[in-house]
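Everything below concerns the one structure shown next.
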Amino acid sequence: MRILGVETSCDETGVAIYDNHHGLLANALYSQIDLHADYGGVVPELASRDHVRWLLPLIKQVMAESGSDRKEIDAIAYTSGPGLIGALMVGAAVAKSLAFAWQIPALGIHHMEGHMLAPMLEAEPPEFPFVALLVSGGHTQLVEVCGLGRYQLMGESLDDAAGEAFDKSAKMLGLDYPGGPAIARLAKQGRAGQFIFPRPMTDRPGLDFSFSGLKTFTRNTIAQQTQDGLIEPQVKADIALAFETAVAETLTIKCRRALEQTGYKTLVIAGGVSANLSLRERLQQMIDRESGRKLFYARPEFCTDNGAMIAYVGCQRLMAGQQEDLEIVCRPRWPIEELTPIDGEQY
Ligand code: KG4
Ligand code: ZN
43 MRILGVETSC DETGVAIYDN HHGLLANALY SQIDLHADYG GVVPELASRD
93 HVRWLLPLIK QVMAESGSDR KEIDAIAYTS GPGLIGALMV GAAVAKSLAF
143 AWQIPALGIH HMEGHMLAPM LEAEPPEFPF VALLVSGGHT QLVEVCGLGR
193 YQLMGESLDD AAGEAFDKSA KMLGLDYPGG PAIARLAKQG RAGQFIFPRP
243 MTDRPGLDFS FSGLKTFTRN TIAQQTQDGL IEPQVKADIA LAFETAVAET
293 LTIKCRRALE QTGYKTLVIA GGVSANLSLR ERLQQMIDRE SGRKLFYARP
343 EFCTDNGAMI AYVGCQRLMA GQQEDLEIVC RPRWPIEELT PIDGEQY
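Numbered per this note's numbering, the sequence shown spans residues 43 to 389.
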């Protein structure tokens with residue numbers, strides 16, 4: 043089965059073609075980062091308009107790159123939530139219209155399920171069951187994953203998502219959007235131990251997160267270190283490192299707890315923040331401390347938003363016989379636990 047995948051939930055237009063026999067055949071991405079950079083964050087209306095501009099050219103590009111004739115495409119998978127409603131509607135309308143014209147099915151996919159299963163596109167995919175840490179611009183969640191579509195939320199952020207905290211702290215440090223990669227770059231020049239940031243909610247049991255206090259801590263530290271409106275570049279790098287370390291350690295502590303609670307040996311990390319090297323290193327150290335444990339993540343371009351993950355999940359769901367009618371429905375908010383299981387196995 044050959045699937046065209048379309049991702050337009052936020053500020054990247056992602057399109058890909060995935061084939062269940064031959065794997066990923068083509069993948070194209072247009073990032074709107076430059077468009078939103080002047081505003082320090084995503085402007086929803088601008089995002090929607092840019093998806094309109096890029097979606098069809100990118101679809102043509104992946105069709106050509108994969109050498110696919112339109113008769114070889116069996117179905118279209120598109121992100122139907124969660125995300126920005128206008129941006130989602132663009133992808134859904136294009137996917138449904140094209141599917142109608144080509145007389146093939148179209149299926150709406152959950153964006154976070156896409157992220158969570160993106161590591162399945164790698165040469166060594168994880169095996170069920172596992173604990174998944176989903177860390178993106180909009181979500182920080184720990185999920186018990188028993189099989190395809192069998193998800194149990196174990197914990198989540200009570201306020202800001204990890205990526206959001208990176209983005210907001212980066213803005214305070216005068217760095218460009220998106221803040222995660224910018225903080226990671228600056229942190230490389232930071233001196234360890236100059237500032238100690240809190241590890242929120244690690245002093246009590248449970249798997250929930252809170253990152254808004256860390257953001258406030260960044261603001262206060264910057265204010266304390268600013269003299270006559272200026273802050274030393276080295277001090278900025280020290281703050282970036284202290285912030286990144288605090289987020290990475292907090293996430294690692296909660297992942298360790300989730301593994302202990304479930305007894306699972308496999309941890310999968312996904313979403314934009316899972317591209318962070320400091321987080322990966324800390325998690326790997328924690329995983330290596332107990333034999334039999336394994337850590338999985340996707341290549342960097344499949345950690346952030348992309349069409350390949352949507353094409354992959356679409357393929358799994360369509361092969362399981364899932365269908366939907368022609369009505370265009372998007373869900374800006376959509377709990378991952380409401381997804382339908384797509385295999386018969388019980389764990
Ligand atoms: O998954 P994603 O591309 O989009 C959403 O679904 O939100 O995640 C984007 C988020 C942004 O907040 C960005 O700053 C963060 O992921 N991010 C990173 C890194 N790369 C992207 N955060 C920390 N370190 C990185 N290397
Ligand atoms: Zn995403």
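In this text, a Cβ means the ideal position worked out from N, Cα and C, and glycines have one as well.
Inter-residue Cα distance where the pair is residue i and residue j
i	j	result
V94	A135	10 Å
Q303	K296	10 Å
E323	I238	19 Å
T258	G205	15 Å
Q388	P171	Low confidence applies to Q388: its pLDDT is 43, below 50, so where it sits in the model is not reliable, and the reading given next is rough at best. If you take the alpha carbons of Q388 and P171, they lie about 10 Å apart.
V57	L66	11 Å
V85	L71	19 Å
F338	G271	44 Å
G305	A362	29 Å
R298	G334	14 Å
Any chain C beta carbon closer than 8 Å to residue i
i	result
A279	Chain labels in this structure do not include chain C; a single protein chain is all it has.
Pair within 8 Å by beta-carbon distance, residue i and residue j
i	j	result
D209	A79	no
A300	V173	yes
Y60	A282	no
A265	G232	no
D92	I75	no
G47	G179	no
A290	S252	no
L87	G128	The residue asked about is misnamed: residue 87 is Glu in this sequence, not Leu. Contact: yes.
C357	A312	no
T294	L325	yes
G156	Y120	no
Heavy atom of the ligand KG4 within 7 Å of residue i beta-carbon
i	result
T346	yes
S178	yes
C372	no
A288	no
Own chain partners of residue i with C-beta closer than 6 Å, once the 5 adjacent residues on each side are dropped
i	result
Q194	E186
E107	A68
A117	I45, I146, P147, L360
I273	Q267
K213	G82
T50	H93, A129, V132, G133
Reduced DSSP secondary structure (H/G/I, E/B, other) of residue i
i	result
H157	helix
G313	coil
E343	helix
Y354	helix
G271	coil
S252	coil
N62	coil
A129	helix
N348	coil
Q118	The sequence shown places Ile at residue 118, rather than the Gln named in the question. I118 falls in the strand class under three-state DSSP.
S108	coil
S178	coil
F237	coil
N69	strand
R44	strand
L360	helix
Cutoff 8 Å; reference residue i; Cβ partners in own chain excluding five residues on either side
i	result
D250	G197, E198, S199, L200, M243
P342	A317
Any non-hydrogen atom of the ligand FAD closer than 7 Å to residue i Cβ
i	result
D209	Only the ligand KG4 and the ligand ZN can be found as ligands here, which leaves the ligand FAD out of the picture.
Own chain partners of residue i with C-beta closer than 7 Å, once the 5 adjacent residues on each side are dropped
i	result
T263	F237, I281
Residue i Cβ short of 7 Å to the ligand ZN heavy atom set
i	result
G314	yes
H157	yes
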